[in-house]
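Visitor: Numbering (this note's numbering), first residue to last: 78 to 151.
Each residue gets a CB set at the ideal place from its N, CA and C atoms; glycine is no exception.
Keep in mind the model is a prediction, meaning the values are calculated, not measured.
Quick one: the structure is below, questions incoming.
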Amino acid sequence: MRAANFVEQGNMVHDKKVSPPETDLEAEAVIALEQARSMKPGVERTEAMKRAGILRNAADLQGLFFAKRGRPKS
Numbered sequence: 078m079r080a081a082n083f084v085e086q087g088n089m090v091h092d093k094k095v096s097p098p099e100t101d102l103e104a105e106a107v108i109a110l111e112q113a114r115s116m117k118p119g120v121e122r123t124e125a126m127k128r129a130g131i132l133r134n135a136a137d138l139q140g141l142f143f144a145k146r147g148r149p150k151s
């Protein structure tokens, strides 16, 4: 994970702090799981369930990486 991005403007380089990603992985995971559940049993459904699980894990990790110290994740 990068601690800072460098943005070049003209001849100067500025530090830019990394903020939490704007994508809502938790919402994507819920949508992917609902879509997978609605599919007929088979290889495609299995792959869709795996993808939903991966998104869920990514959302959990995102919460850990961007959690504020001293406070429980909300």
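Alpha carbon to alpha carbon, how far is residue 117 from residue 102? Give it in angstroms, no decimals.
Guide: Roughly 25 Å separates the two Cα atoms.
Visitor: In or out: residue 132 buried (at least 16 other Cβ within 10 Å) or exposed?
Guide: It is buried - the Cβ of residue 132 has at least 16 other Cβ atoms within 10 Å.
Visitor: Apart from the five residues on each side of it in sequence, which residues of its chain come closer than 7 Å, Cβ to Cβ, to residue 110?
Guide: The residues are 129.
Visitor: Does the beta-carbon of residue 104 have 16 or more other beta-carbons within 10 angstroms, so that it is buried, or is it exposed?
Guide: Per the 10 Å Cβ criterion, exposed.
Visitor: Looking at residue 125: is its Cβ nearer than 8 Å to the Cβ of residue 113?
Guide: Yes.
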